[in-house]
Amino acid sequence: MPYGYTGNILHVDLSSRKHWIENPPETFYRTYWGGRALALYYMLNQMKPHTDPLSPDNLLIFAPSVITGTPAPALPRYTVCAKSPLTGAQGEAEAGGWWGPELKKAGFDAIVIKGSSPTPVYLYIKDGKVEIKDATHLWGKDTGTTQKIIKEELSDDKIKIAQIGPAGENLVRFANIVNELKHFNGRNGLGAVMGSKKLKAIVVRGTKPIDLYNKERVSQITKEITKRVMDNPLSRGLRELGTPGVVRPSYEAGCLPSYNWTTGYFKEGENLTAETYNKTILKGTKACYACPIRCKRVVEINEPNLKVDPAYGGPEYETTTSLGSICGISDLKYIAKANELCNKFTMDTISTGMVIAFAMQCYEEEMLNKEDTGGIELTFGNKEAMLKMIEKIAYRKGLGDLLSQGSCFAAKKIGKGAEKFIHQVKGQEIPMHDPRVKTGVGLQYALSDYGADHMKAAHDSFFKDQDSVGIKEMKDLGVLEPVSPTDIGEKKVALFKLLDIYWTVFDILGVCDFGYVPRSVGTMEELLEIIRSTTGWETTWFELMKLGERSINMARIFNYREGFTSKDDTLPEVFYQNFKGGPLDGQGAINKEDFQKAIRLRYELMGWDPDTGIPTPAKLIELGLDWLIDEVKR
Amino acid sequence: MKISIKLEGYLKYKYPSDILELNYSEPVTVYKILKDAKISLGDVFFIKTGDKIVKEDYLFTESAEVKLFPIIGGG
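First to last, the sequence lines map onto chains A and B.
No gaps in the numbering here: position 161 of the first sequence is 161 in the working numbering, and each next residue is one more.
No gaps in the numbering here: position 34 of the second sequence is 34 in the working numbering, and each next residue is one more.
Printed below as a string of structure tokens:
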């Protein structure tokens, strides 16, 4: 067994209530490593095409990586994969926190779950022992209550719990999974897959440290990075402002997504800035496992009619915008309350905000009326209405039932041209970064295997100038020349091919994007050295980039099997139009023809057919995926 | 003419002061102002003066306040 791994992959069949342990050979680990690459291996081998995502046949896979749980900084993350009930494509979401490291210490490199239990259950894994326990008494409970009950009944305060709330149980198609009440596998509706299996939670507890090849070296690099984190302005910005630090530049420039993307200009933007946040609702900050950055916000509100419990963390940038300006809401206290509700119910805050904003626009355009909304005045800016709608979605009541299926489904049902008010890629609502000021983000929205996502690559702004951190620190990948954030030419396409693969490697290895270049201080060389010192493998960035590329091709083939084509690699129409209002008024439209050329070039750079976007047999052979060639010959 | 520079976001932590003032006797570009203030273009995403977002080649002909916003990424 290679260092860094436990050598054990846990398989659980909830239908038969059986479990068994697989001990893969070293070549398996060195080919698929962990995270999404490992998960896709099982999804492609064990799932039939066109499996209903909410059926027992969908696999639900929890996978940290070989370096998860080492003491090195900012490596706490783990992946959950399944076929997504929101998109119908490969579904994937990474979360930080403490659960991933604890699973490794409990003796497992991954959990592969199939089947469905007839009654609610939870998995309890402690130091290699696995139990399927009754969860009937937990079903219907919110996340805070569930955590409290499980900790009491197991008499262990050190357990780590990944779980779903009522939205997951009720199969809301953008329900997520949470660990420790505030670290989310968000997006893609993986919480609904967990709900369909009647799996309320996975509780882990482990006491065995990860076996490292060179513990002293890992410790030395940890000290070096940690020391630099304290002084580095980017890391300090994350610690002191958190991700809400993105609000001010976006609002002042007029590209803060507002009023369901009808404008980037939000007059009350000052109310949402990190500075206002810090002065009004911030209680403190928290860190994930072994992370010195401490970017996580904790908020508390204690007002007679509005209370927010700090146990649920605090809104990130995406949430501040998706439950704020995108719904025309500028009251941070209500946004914090909405965030708390989403966290208790386990609903993705981006999709929740986007479906509510969509409904608000439909209401204002008279496509929905008070009868449809159950008497709610669902206008932009109505913060009480937003809170009510969140609850209705989680429990699938009235209009909430329709919205719980995602904006694509809801628009089709509403008809009357409502589809022009949705903004999505592959069925997933777009995040809160505007590609008109960062075209590479747009490329990633379009090409992401799991629908629009803002964490598919580092953003364009880190590569805009010769002095930019991305240009200075990523020469090992051949990133040598700056490209303007709004350029959509050949150099941008080539750059984002590399950045896509680079951050895919991060996802596979459970690396936090905020810990290493270009977003923070850990260097590429240091990360490589951590991997080498953990595993004993003399790996290189060449091997790691091939690993990333391998998983991208596996996901591409999974989606091809499900019927996705190049027509699904698109951007919402709004980005082909100029900004309306604010400092960028009349500017910004991405040229559609240029964008389509960029997508085609990206296919070619990836070794995919330029017309269809399907990986070529030669590319699959290069990546050791010859076992998938028959899939592309169909 | 006086050009007042206000640094936002993490730029406040990178440079010694979050407000800088420079004096010029003739029109000056943003590029030259940043160079004189020893602020790296690689750190700056948006440059705002008044209600306008401007590029590095924007020419100031009278006193003004310039806000500099840092590069931003996902999160």
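Ideal Cβ positions, reconstructed from N, Cα and C, are used throughout, including at glycine.
Report task. Rounded to whole angstroms, what's the CA-CA distance from valine 299 of chain A to glycine 313 of chain A? Just pull it up for me. Result -> Position 299 of the first sequence holds residue 299 of chain A. Position 313 of the first sequence holds residue 313 of chain A. Going from the Cα of valine 299 of chain A to the Cα of glycine 313 of chain A covers about 6 Å.
Query raised in the report: Under three-state DSSP, which class holds aspartate 13 of chain A?
Result: Residue 13 of chain A sits at position 13 when you count from the first residue of the first sequence. DSSP places aspartate 13 of chain A in strand when its eight states are reduced to three.
Query raised in the report: Is the CB of leucine 41 of chain B under 7 Å away from at least one CB in chain A?
Result: Position 41 of the second sequence holds residue 41 of chain B. Judged by the 7 Å Cβ criterion, leucine 41 of chain B is in contact with chain A.
Query raised in the report: At a CB-CB cut-off below 8 Å, which residues of chain A make contact with tyrosine 13 of chain B?
Result: Residue mapping note: residue 13 of chain B aligns to position 13 of the second sequence, counting from 1. Ordered by position in chain A, the residues that pass the 8 Å Cβ test against tyrosine 13 of chain B are Pro233, Arg236, Gly237, Glu240.
Report task. Any chance you could list the alpha helix (DSSP H) runs of at least 4 consecutive residues sitting entirely within the segment 139-187 of chain A, in chain order? Result -> 143-154, 166-169
Query raised in the report: Counting Cβ pairs closer than 8 Å, one from the segment 554-562 of chain A and one from the segment 451-458 of chain A, do we hit at least three?
Result: no
Requested in this report: Residues of the segment 457-470 of chain A with a CB closer than 8 Å to any CB of chain B: list them in chain order, please.
Outcome: Ala458, His459, Ser461, Phe462, Lys464, Asp465, Gln466, Asp467, Ser468, Val469
Requested in this report: Return the CA-CA distance between lysine 48 of chain A and tyrosine 122 of chain A, expressed in angstroms with no decimal places.
Outcome: Translated into positions along the first sequence, residue 48 of chain A becomes position 48. Translated into positions along the first sequence, residue 122 of chain A becomes position 122. Between lysine 48 of chain A and tyrosine 122 of chain A, the C-alpha separation is close to 26 Å.
Query raised in the report: The alpha helix (DSSP H) with leucine 38 of chain A in it runs from where to where?
Result: In the first sequence, residue 38 of chain A corresponds to position 38, counting from 1. Its alpha helix (DSSP H) spans residues 35-46.
**Report entry** Any chain B beta carbon closer than 7 Å to proline 73 of chain A
**Finding:** Residue mapping note: residue 73 of chain A aligns to position 73 of the first sequence, counting from 1. Not an interface residue.
Requested in this report: Report yes if the C-beta distance between threonine 636 of chain A and isoleucine 430 of chain A is below 7 Å; otherwise report no.
Outcome: This structure cannot speak to residue 636 of chain A, because chain A is shown only from 1 to 634.
Query - Cα-Cα separation, lysine 114 of chain A to alanine 93 of chain A - result: Position 114 of the first sequence, counted from the first residue, corresponds to residue 114 of chain A. Position 93 of the first sequence, counted from the first residue, corresponds to residue 93 of chain A. Roughly 18 Å separates the two Cα atoms.
Query raised in the report: Which residues in the same chain have their Cβ closer than 6 Å to the Cβ of arginine 396 of chain A, if we skip the five residues on either side of it in sequence?
Result: Residue 396 of chain A sits at position 396 when you count from the first residue of the first sequence. Excluding residues within five positions, the ones whose Cβ falls inside 6 Å are Asn170, Ser404.
Report task. Identify whether threonine 319 of chain A lies in helix, strand or coil by the three-state DSSP scheme. Result -> As a first step, residue 319 of chain A is located in the first sequence; it is residue number 319 there, counting from the start. Residue state, collapsed to three classes: helix.
Query - Inter-stretch contact (C-beta, 8 Å, three-pair minimum) for the segment 17-30 of chain B and the segment 55-65 of chain B - result: yes
Query raised in the report: Nearest to threonine 280 of chain A by alpha carbon, out of A:Lys286, A:Arg236, A:Ile335?
Result: As a position in the first sequence, residue 280 of chain A is number 280, starting the count at 1. For threonine 280 of chain A, the nearest C-alpha among the options comes from A:Ile335.
Query - Close beta carbons around threonine 612 of chain A, own chain, < 6 Å, minus the five adjacent residues each side - result: The residue labelled residue 612 of chain A in the question sits at position 612 within the first sequence. For threonine 612 of chain A, where only same-chain residues beyond five positions count, the Cβ hits under 6 Å are Ser566.
Query raised in the report: Nearest-angstrom Cα distance between leucine 75 of chain A and alanine 418 of chain A?
Result: Along the first sequence, one-based indexing puts residue 75 of chain A at 75. Along the first sequence, one-based indexing puts residue 418 of chain A at 418. Cα to Cα, leucine 75 of chain A sits roughly 42 Å from alanine 418 of chain A.
Query - Min CB distance histidine 137 of chain A to chain B below 7 Å - result: If you number the first sequence from 1, residue 137 of chain A lands on position 137. No, histidine 137 of chain A does not count as interfacial toward chain B.
Query raised in the report: Taking a cut of 7 Å between CB atoms, which residues from the segment 420-449 of chain A lie near chain B?
Result: His433
Query - chain A contact for lysine 38 of chain B (CB, 7 Å cutoff) - result: Taking the second sequence and counting its residues from 1, one reaches residue 38 of chain B at position 38. No, its Cβ sits nowhere closer than 7 Å to a Cβ of chain A.
Query raised in the report: If contact means a Cβ-Cβ distance below 9 Å, which residues of the segment 490-520 of chain A contact chain B?
Result: Asp513, Phe514, Pro518, Arg519
Query raised in the report: Tell me the DSSP bridge mates of proline 122 of chain A?
Result: Within the first sequence, numbered from 1, the residue matching residue 122 of chain A stands at position 122. Correcting the residue identity first, residue 122 of chain A is tyrosine in this sequence and not proline. For tyrosine 122 of chain A, which the question treats as bridged, DSSP gives the partners A:Lys133, A:Ala201.
Query - DSSP bridge partner residues for tyrosine 516 of chain A (one or two, in chain order) - result: Translated into positions along the first sequence, residue 516 of chain A becomes position 516. Tyrosine 516 of chain A is bridged to A:Gly522.
Query raised in the report: Just curious, the alpha helix (DSSP H) that serine 235 of chain A is in, first and last residue?
Result: Taking the first residue of the first sequence as position 1, residue 235 of chain A is located at position 235. Serine 235 of chain A -> alpha helix (DSSP H) spans 233-240.
Query raised in the report: Expressed to the nearest angstrom, what Euclidean distance is found between the alpha-carbon atoms of glycine 381 of chain A and valine 437 of chain A?
Result: Here residue 381 of chain A refers to the residue found at position 381 when the first sequence is read from its first residue. Here residue 437 of chain A refers to the residue found at position 437 when the first sequence is read from its first residue. Taking the straight line from one Cα to the other gives about 26 Å.
**Report entry** Strand pairing of histidine 19 of chain A, partner residues [DSSP]
**Finding:** Sequence index remark: in the first sequence, residue 19 of chain A carries index 19 (1-based). Answer by DSSP bridge pairing, in chain order: A:Val12.
Report task. Take valine 44 of chain B and list the residues in its own chain whose beta-carbon comes closer than 6 Å to its own, dropping the five residues that flank it on each side. Result -> Taking the first residue of the second sequence as position 1, residue 44 of chain B is located at position 44. Cβ within range, chain order: Leu68.
Requested in this report: For arginine 17 of chain A, count neighbouring Cβ atoms within 10 angstroms of its own Cβ and tell me buried if that reaches 16, exposed if not.
Outcome: The residue given as residue 17 of chain A occupies position 17 in the first sequence. Label assigned to arginine 17 of chain A: exposed.
Query raised in the report: Helix or strand or just coil, what does DSSP make of proline 485 of chain A?
Result: In the first sequence, counting from the first residue as 1, residue 485 of chain A sits at position 485. If DSSP states are grouped into helix, strand and coil, proline 485 of chain A belongs with coil.
Query raised in the report: Any Cβ of chain A within less than 7 Å of the Cβ of isoleucine 53 of chain B?
Result: To locate residue 53 of chain B, count along the second sequence from 1; it is residue 53. Chain A contact via Cβ: present.
Report task. Indicate whether alanine 385 of chain A and phenylalanine 345 of chain A have their beta-carbon atoms separated by less than 7 Å. Result -> For this step, residue 385 of chain A is matched to residue 385 along the first sequence. For this step, residue 345 of chain A is matched to residue 345 along the first sequence. Contact flag unset, no.
Requested in this report: Taking valine 66 of chain A and tryptophan 33 of chain A to be in contact with their CB atoms under 8 Å, please state how far apart those CB atoms are, rounded to whole angstroms.
Outcome: Taking the first sequence and counting its residues from 1, one reaches residue 66 of chain A at position 66. Taking the first sequence and counting its residues from 1, one reaches residue 33 of chain A at position 33. 6 Å between Cβ atoms; contact.
Query raised in the report: Should lysine 420 of chain A be labelled buried (16 or more other beta-carbon atoms within 10 Å of its own) or exposed?
Result: Counting from 1 along the first sequence, the entry for residue 420 of chain A is found at position 420. By the 10 Å Cβ count, lysine 420 of chain A comes out exposed.
Requested in this report: Determine the DSSP secondary structure at serine 325 of chain A, reduced to helix, strand or coil.
Outcome: Against the first sequence, residue 325 of chain A aligns to sequence position 325. Three-state result, serine 325 of chain A: helix.
**Report entry** isoleucine 621 of chain A classed as buried or exposed, judged by whether at least 16 other C-beta atoms fall within 10 angstroms
**Finding:** Here residue 621 of chain A refers to the residue found at position 621 when the first sequence is read from its first residue. Counting Cβ neighbours within 10 Å, isoleucine 621 of chain A comes out exposed, since fewer than 16 surround it.
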